[in-house]
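Here full-length UniProt numbering is used: the first residue of the sequence shown is 40, the next is one more, and so on.
Okay, so here's the structure we're looking at.
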Amino acid sequence: MAKTKFEYVRQFEADDTCLQNCWVVVRLDGRNFHKFANLHDFRKPNDERALRLMTRCALTVMEELNDIVIAYGQSDEYSFVFKKTSNWFKRRASKFMSHVVSQFSSSFVFYWKDYFKDQALLFPPGFDGRVILYPSNQNLRDYLSWRQADCHINNLYNTTFWALVQQGGLSNSEAEEKLKGSLAGEKNDILFLEFNVNYNNEPEMYRKGTVLIWHKVDESIDKKIITPDAPEGKNVVVKRTRKKVLPFHVDIIGDKFWEEHSEILADNS
Ligand code: DGT
Ligand code: MG
Ligand code: MG
Ligand code: MG
Ligand code: MG
């Protein structure tokens with residue numbers, strides 16, 4: 040096609056190619072979810088439906104988009120890690136971010152009723168997104184550790200706060216005052232001594248968040264085949280391995296997870 044005099048406008052597009060050899064992380068976060076959670080009657084401190092819906096959306100993102108090796112989510116956020124060698128959309132940051140956020144957002148609306156049943160979605164939710172590059176495996180691990188530590192700190196606080204309010208009869212501001220400056224051990228003690236709750240027995244999904252990784256799974260499928268001795272066809276069971284995204288609620292701060300899944304950081308796929 041002949042060039043027009045308008046073509047030059049393309050040169051105004053900024054180059055946002057992500058630096059080579061870096062992990063590309065896209066983190067999204069629900070916009071104003073404090074209000075969203077209240078208006079949609081989210082259970083406190085954790086709404087299982089909301090967390091499972093978030094994970095359903097993240098799973099869709101990993102399956103629909105290319106090159107995501109691991110995702111981690113908690114509260115109203117999810118982080119997606121594209122492999123170092125990804126050349127998807129020529130590594131353009133805006134492509135990574137916009138595809139992740141739009142796929143996630145549309146999935147959130149699409150799958151809402153599977154998790155919230157009769158609870159109507161009252162307005163269209165939004166998510167922000169950002170791209171962060173990490174040049175070393177240690178940087179990436181520290182990033183994910185940071186998010187999981189954030190999950191732990193917030194969840195311990197929220198679990199204690201809502202125990203004081205819902206079971207202890209304190210007002211929100213009284214509970215806030217009581218927890219001001221308290222250490223983790225003190226919150227554990229309040230839960231155990233006042234409410235007979237052992238924090239370590241709280242659901243792992245709440246305490247650890249959710250990690251999504253690819254797993255090889257063996258599948259058996261029924262297939263009709265035609266052979267010389269069965270020209271009309273016969274049913275056989277065919278076994279095959281397939282890669283599938285699976286959720287885990289495990290510690291990703293220590294070495295164990297990374298040793299058991301050493302292929303994630305190897306990035307030679
Ligand atoms: P932002 O991200 O600056 O637009 O504002 P927010 O309000 O989304 O703040 P953020 O992302 O720092 O905090 C997440 C909010 O989402 C937090 O206020 C509580 C709410 N939320 C997330 N998960 C749950 C849940 O399972 N249950 C309830 N009740 N609330 C939740
Ligand atoms: Mg925020
Ligand atoms: Mg938010
Ligand atoms: Mg958040
Ligand atoms: Mg197009």
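Virtual Cβ for every residue (Gly too), placed ideally from N, Cα, C.
| query | Across which residues does DSSP place Arg-169 in a beta bridge pair? | reply | Listed as beta-bridge partners of Arg-169 by DSSP are Arg-66.
| Given that a residue counts as buried once 16 or more other Cβ atoms are within 10 Å of its Cβ, and exposed if not, what is Ser-308? | Confidence at Ser-308 is low in this model, with a pLDDT of 47, below 50, so the placement of that residue should be treated as unreliable; the coordinate-derived value is given next. The residue is exposed, with fewer than 16 neighbouring Cβ atoms inside 10 Å.
| Assigned exposure category for Trp-185 - 16 Cβ within 10 Å defines buried | exposed
| Quick one: does the C-beta of Gly-69 sit closer than 8 Å to a heavy atom of ligand 3? | yes
| said: Taking the straight line between their C-alpha atoms, what separation do you get for Leu-285 and Gly-208? | reply: So the two alpha carbons sit approximately 40 Å from each other.
| message | Which residue marks the beginning of the beta strand (DSSP E) containing Trp-253, and which one marks its end? | response | Counting along the chain, the unbroken beta strand (DSSP E) around Trp-253 starts and ends at 249-266.
| Near ligand 1: His-73 beta-carbon under 8 Å from a heavy atom | yes
| task | Kindly give me the distance between the Cβ atoms of Ser-259 and Val-276, rounded to whole angstroms, as I take these residues to be in contact under 8 Å. | result | 5 Å
| field | Of the listed residues Thr-249, Ala-132, Phe-45, nearest to Ala-53 (C-alpha basis) | value | Ala-132
| request: Note down the Cα distance separating Leu-222 from Leu-195, rounded to an integer number of angstroms. | output: 10 Å
| message | For Tyr-150, which residues in the same chain have their Cβ closer than 7 Å to its Cβ, ignoring the five residues on either side in sequence? | response | Leu-92, Arg-95, Cys-96
| said: Would residue 39 and Val-63 qualify as a contact pair, given that the criterion is a beta-carbon distance under 9 Å? | reply: Lying before the first or after the last residue shown, residue 39 is absent from the chain, which here runs from 40 to 308.
| message | Can you check which of these residues, Gly-224, Ser-210, Val-256, Arg-88, is closest to residue 314 by C-alpha distance? | response | Any property of residue 314 remains undetermined from this structure, which presents the chain solely from 40 to 308.
| request: Report yes if the CB atom of Asn-109 is closer than 9 Å to the CB atom of Val-250, and no otherwise. | output: The displayed chain sequence assigns Ile, not Asn, to residue 109. Contact flag set, yes.
| request: Flag this pair as touching only if the segment 69-77 and the segment 258-274 have three or more C-beta atom pairs under 8 Å; answer yes or no. | output: no
| Should Glu-52 be counted as a contact of ligand 3 given a C-beta to heavy atom distance under 8 Å? | no
| query | Would DSSP call Asn-194 helix, strand or coil? | reply | helix
| request: Using 10 angstroms around the beta-carbon of Lys-122, count the other beta-carbons present and answer buried if the total reaches 16, otherwise exposed. | output: That one is buried.
| request: Check whether the Cβ atoms of Pro-242 and Asn-85 lie closer than 9 Å to each other. | output: yes
| Boundaries (first-last residue) of the beta strand (DSSP E) holding Ala-269 | Element bounds for Ala-269: 269-287.
| query | Quick one: what's got a C-beta closer than 6 Å to Arg-88's C-beta in the same chain, skipping five residues either side? | reply | Tyr-154, Phe-155
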